[in-house]
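Single-structure report; data block below.
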Amino acid sequence: MEATKSSNETTIHIPESKSARSKAAAAPPPPPSGGWKRGVAIFDFILRLCGITAALAATTTMGTTDQTLPFFTQFFQFQASYDDLPAFSFFVVGNAIASGYLILSLPFSIVGIVRPHAVGVRLLLLILDTVMVALTMASAAAAAAIVYLAHNGNSNTNWVAICQQFNDFCQRVSGAVVASFIAAVIFMFLVVFSAVALRN
1 MEATKSSNET TIHIPESKSA RSKAAAAPPP PPSGGWKRGV AIFDFILRLC GITAALAATT
61 TMGTTDQTLP FFTQFFQFQA SYDDLPAFSF FVVGNAIASG YLILSLPFSI VGIVRPHAVG
121 VRLLLLILDT VMVALTMASA AAAAAIVYLA HNGNSNTNWV AICQQFNDFC QRVSGAVVAS
181 FIAAVIFMFL VVFSAVALRN
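Just so we're aligned, residue 1 is where the sequence shown starts under full-length UniProt numbering, counting upward by one.
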């Protein structure tokens, strides 16, 4: 401790103690700016746009699919339509719900970009994305089983393959099923990104 005198005042210099220095060194760093979380949120938004494209493509392709064969008799007309099979109807409803959900989730994804540390929005998206994974995967799997039978039939149950006659119908429903599986995979990635963004 040093004391200096001047003509008008006295100043006392007290050296900084070691404990004060250690406390200053142990002070927590300032909160992060959220750069990597904002990057995850931006990628989440882009994936949602891709998911909308895939789910809408699956819905519209399946929902507009029917084919009538050019030859028919007075009493029989050979026609195949998606609503002839409950699995295809479930497919259309499931993918339509997924498309609507993805469109409605875009504002919440934007909130995640603006506020990357917001936990409530990210947790809500994580829960709903998980539900959509189950829905899209179930509808795609149900339709895929019917598409497989349409292509290959089943000799044990005397189910005849129809794709040799209804070629356009089978191509369209196959494309719709592929698009739905792509949407399901996108939902899986969305779940993973939401879980990563919730890390502290």
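All residues carry an ideal CB built from backbone N, CA and C; glycine is no exception.
Model, not experiment: these values are computed from the prediction.
Chain-order list of residues whose beta-carbon lies under 8 Å from that of residue i (same chain, five-residue window excluded)
i	result
A184	V133, T136, M137 and A140
S109	A41, D44, F45, R48 and L125
V119	L198
Extent of the continuous alpha helix (DSSP H) to which residue i belongs
i	result
H117	No alpha helix (DSSP H) holds H117; DSSP gives it neither H nor E.
D44	G35 to G63
Local conformation of residue i per DSSP, three classes
i	result
Q164	coil
residue 263	The shown model of the chain, from 1 to 200, leaves out residue 263, and the question about it has no answer.
V192	helix
Sequence-distant residues of the same chain with beta carbon closer than 7 Å to residue i, five excluded per side
i	result
V40	F193, V196 and A197
D168	Q67
S174	V147
Whole-Å CB distance - residue i paired with residue j, under 8 Å assumed
i	j	result
A54	I182	4 Å
I113	I52	About 17 Å; that fails the 8 Å criterion.
T61	A179	7 Å
F91	A142	6 Å
V121	V131	Their Cβ separation, rounded to whole angstroms, is 16 Å, which puts V121 and V131 out of contact at 8 Å.
A161	A144	With a Cβ gap of about 15 Å, A161 and A144 do not count as contacting.
D129	L56	Contact doesn't hold; Cβ gap of about 17 Å is too wide.
Neighbourhood of residue i by C-beta, 6 Å cutoff - its chain only, sequence neighbours within 5 removed
i	result
A176	A58, T61 and M62
L85	I146
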